[in-house]
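Colleague: I am attaching a structure below and will ask some questions about it afterwards.
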Amino acid sequence: MKDSGPSRNRRSRVLDKPARGVDGAPDKAGRGSTSRPGRTVGGLAIRGAGGAPLTSTRGVGGPAARPRRDALSKGSDASGAHKPIGTSAGRLMPIDSLRTFVNKRYNPELRFLNLESMAEDEILREKNLLPPDDENASRQIGPAIIKLAGQLNPQPESISFANNNFSTLQPLHALAKFLPHLKNISFQNNQIRLWKELEYIIPHDPKHKEAVSSIREIILMGNPVHDVEVAKGDLTVYRSEIVRRFPNLEMLDQESIIKIGFDVTLPEITERAAATGKNPEWPIATSFLVDMKAGFMGPGIEATTVEFLTKYFTLFDSTRSQLMPVYSPSATFSLSLNTSIPPRARIRGYHGHLPRQKELQWKPWMDVGSRNLMRVAKLDKTTTFLRSTNVEVVKALEDMPKTKHDVTGTGGAVTETNGTPVGSPAAGKFVVDAFTCMGVLPGEGDAGIVLFVNVHGEFAEEPSGGLRSFDRVFILAPAPPDSPAHAAGWMVTILSDQLTSVSMGTPAEPVMDPVLATLSEPQRALLVECANRTGLNAEFSKMCMEGNGWDLNKALANFEELKHTIPADAFVRR
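Quick note on this note's numbering: the sequence shown kicks off at 561 and runs consecutively.
Below, the structure written as structure tokens:
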């Protein structure tokens, strides 16, 4: 620790030549900060370093300062002997102490590195080292700890930074570089406030721009970025922002993230792309872990829904002006057009086999005014194209091309009323979901009760007869006795109408996973939960559940005991 003359001769090189005056800049106590001699291991200036070399972290916190001759020739130990290391950019890293700290915190059997409550750690406090979450800490200490973690054997799969004081994750920006296969990370009970802080720990290698984070589980509870969204009562945006940055995420704040699986594995795709010299061709989904069912209708609303849709589409195809009474005076209508061919249809070439598709034109529809937010550049157009009176709505409907919906026969969502099948529009061409909602629009209709109707299907555009796919969402309220709707024979009045029209795609449903096809509905639900919690594919999830008598808790406990012996191909590859 003493700065003697001989020690100056034993000095190793430091990182780079810095600007003059860094070492002598006054610190918060008014003292001049002095740099002390040390070794340079792999380019990083280290005091008392030993063990494996550590590469330079140049660029993390700026270049390290070269000790001035006068600063090293004078005995300046007294001025900084008890000052916590890390308050000066020119000070040297005590790597031996950091390595001891990291090794003590690591459990190699669990591959878990516990970096919680670092400010209270005895080793760091004894060496007067400020942890990376401290705003006065050296900018090198975070990358140094992460690199030492990357040198552990085996490398950690889980790290917890819980109960620290991180407001920014910039000190941890080396995570993706030195721990590229990290799976689980916790920042519980910190001070992270902004989404952008998470971008410090995702890959940013310019040579591998397609690289994504390997993290499968993250915990952010106890941070403002999480707690503010909880206070709002809606975590939709929160989950979306996290998953967008961590596409391989399976667990968020100890809750599962539902994933759709693909039958083609990622290595096969990348190897095939490398062999051909072309960009990877990503697969389409071939199976889904939830059974595909017909439309759903809540109890007591089947007949009303079917009657409304049959009458509505009949008039829509023939005389749209007669729809005026069914729309509430303050009804709204929105048209959204997606002119692109759906990816699955394009891959399978289905579009080219449909009759007269080349005769279809989007211009007549676009002239009505599309509110597709992905295509509309100017915000004022989304306001202009929103019709907000029944007169404006019907005028827009009349301006659209003529259509033909097949509303005859039975099919789609077939329901029963008093034991008698009720045919819903239309002959297998529609899928209808309908249910009631309470208090959506207070004051409208009967005490705010509304009927939500979602229709997915196809129609033929006249006169060409080409097919288009559509989604129609209605919000309906009971027609008051003195309303124009009631007078025109309608049981309901339309409060909101949204039409989305897209190019026709394949009518085939995604195929259900064959492993699930033989199971009962309760067993499927348990298997899906097991797959979400363990990451096992459907086949091994079934084996896990069957081997534990379909007891989910026993299956999960058994998985934790044996997960290190399970082969890699038992897991869903991300």
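Idealized CB from N, CA, C, for every residue including glycine.
Give me the DSSP bridge partner(s) of Thr1060.
Modeller: Per DSSP, Ser896 and Asp1031.
Colleague: Under 9 Å, do Leu658 and Tyr666 count as touching if we go by C-beta distance?
Modeller: Result no, Cβ atoms of Leu658 and Tyr666 do not sit closer than 9 Å.
Colleague: Here's a check: name, in chain order, each residue in its chain whose Cβ is nearer than 8 Å to the Cβ of Gly858, leaving out the five neighbours to either side.
Modeller: Taken in chain order, the residues that qualify are Ala994, Phe995 and Thr996.
Colleague: Return helix, strand or coil for Ser1101, following the three-state DSSP convention.
Modeller: The answer is helix: DSSP assigns Ser1101 an H, G or I state.
Colleague: Strictly by DSSP, which residues pair up with Leu812?
Modeller: Its beta-bridge partners are Ile778 and Glu815.
Colleague: Would you check whether the ligand ATP has a heavy atom nearer than 8 Å to the C-beta of Val790?
Modeller: This structure lacks the ligand ATP, and indeed carries no ligand of any kind.
Colleague: Assign Phe552 to buried or exposed, taking buried as 16 or more other Cβ atoms, counted over all protein chains shown, within 10 Å of its Cβ.
Modeller: In this structure the chain extends from 561 to 1134, so residue 552 is not present and cannot be described.
Colleague: Tell me, please, whether the region 745-765 touches the region 698-711 by the rule of three or more beta-carbon pairs shorter than 8 Å.
Modeller: No, the region 745-765 does not touch the region 698-711.
Colleague: Can you give the Cα-Cα distance for Trp1050 and Arg799, rounded to whole angstroms?
Modeller: If you take the alpha carbons of Trp1050 and Arg799, they lie about 42 Å apart.
Colleague: With a threshold of 9 Å between beta-carbons, can Lys989 be considered close to chain B, or not?
Modeller: The structure shown contains no chain B, having only a single protein chain.
Colleague: State the Cα-Cα distance for the pair Val790 and Ala1020, rounded to the nearest angstrom.
Modeller: Approximately 46 Å, taken between the alpha carbons.
Colleague: Compare the Cα-Cα distances from Leu754 to each of His741, Val788 and Leu742 and report the closest residue.
Modeller: Nearest option by C-alpha distance: Val788.
Colleague: Three-state secondary structure (DSSP) at Asn1108?
Modeller: DSSP places Asn1108 in coil when its eight states are reduced to three.
Colleague: For the structure I just gave you, are there three or more beta carbon pairs, one from the region 939-948 and one from the region 920-927, closer than 8 Å?
Modeller: Result no; under three Cβ-Cβ pairs closer than 8 Å.
Colleague: Do Ser1024 and Asn898 have their C-beta atoms closer together than 9 Å?
Modeller: No; because the gap between Cβ atoms is not below 9 Å, this pair is not in contact.
Colleague: Compare the beta carbon distance of Ala697 and Pro668 with 9 Å and say whether it is the shorter of the two.
Modeller: Not closer than 9 Å, so no.
Colleague: In terms of DSSP beta bridges, what is Glu1021 paired with?
Modeller: DSSP, once it has assigned bridges, lists Thr963 and Gly1026 as partnering Glu1021.
Colleague: With 16 as the cutoff for other CB atoms within 10 Å, does Gln917 come out buried or exposed?
Modeller: By the 10 Å Cβ count, Gln917 comes out buried.
Colleague: Give me the residue from His764, Leu758 and Pro784 with the minimum Cα distance to Ile802.
Modeller: Out of His764, Leu758 and Pro784, Leu758 has the C-alpha closest to the C-alpha of Ile802.
Colleague: Hey, how far is the Cα of Val1132 from the Cα of Asp1111?
Modeller: Looking at the two C-alpha atoms, the distance is approximately 22 Å.
Colleague: Could you please give the first and the last residue of the uninterrupted alpha helix (DSSP H) stretch that includes Ser657?
Modeller: Where Ser657 is concerned, the enclosing alpha helix (DSSP H) stretches over Ile655 to Lys664.
Colleague: Just the C-alpha distance for Pro740 and Gly1095, rounded to the nearest angstrom, thanks.
Modeller: Whole-angstrom Cα-Cα distance: 19 Å.
Colleague: Just to confirm before moving on: does the CB-CB distance between Phe726 and Ile752 stay below 9 Å?
Modeller: It is a contact, given that the beta carbons lie within the stated cut-off.
Colleague: Ends of the alpha helix (DSSP H) at Ser878?
Modeller: First-last of the alpha helix (DSSP H) with Ser878: Glu862 to Ser878.
Colleague: In three-state DSSP terms, what is Ala1037?
Modeller: Note: Ala1037 maps to strand in three-state DSSP.
Colleague: For Val1075, I'd like the list of residues in its chain whose CB is within less than 7 Å of its CB, leaving aside the five on either flank, ordered along the chain.
Modeller: Cβ neighbours of Val1075 beyond the five flanking positions: Ala1098, Glu1099 and Lys1102.
Colleague: Give the DSSP-derived three-state secondary structure of Phe1012 in the structure shown.
Modeller: Three-state result, Phe1012: strand.
Colleague: Could you name the residues of the same chain whose beta carbon sits closer than 8 Å to that of Glu952, not counting the 5 residues immediately before and after it, in chain order?
Modeller: Only Phe893 meet the Cβ criterion.
Colleague: Per the DSSP calculation, Val886 is bridged to which residue(s)?
Modeller: Its beta-bridge partners do not exist; DSSP assigns none.
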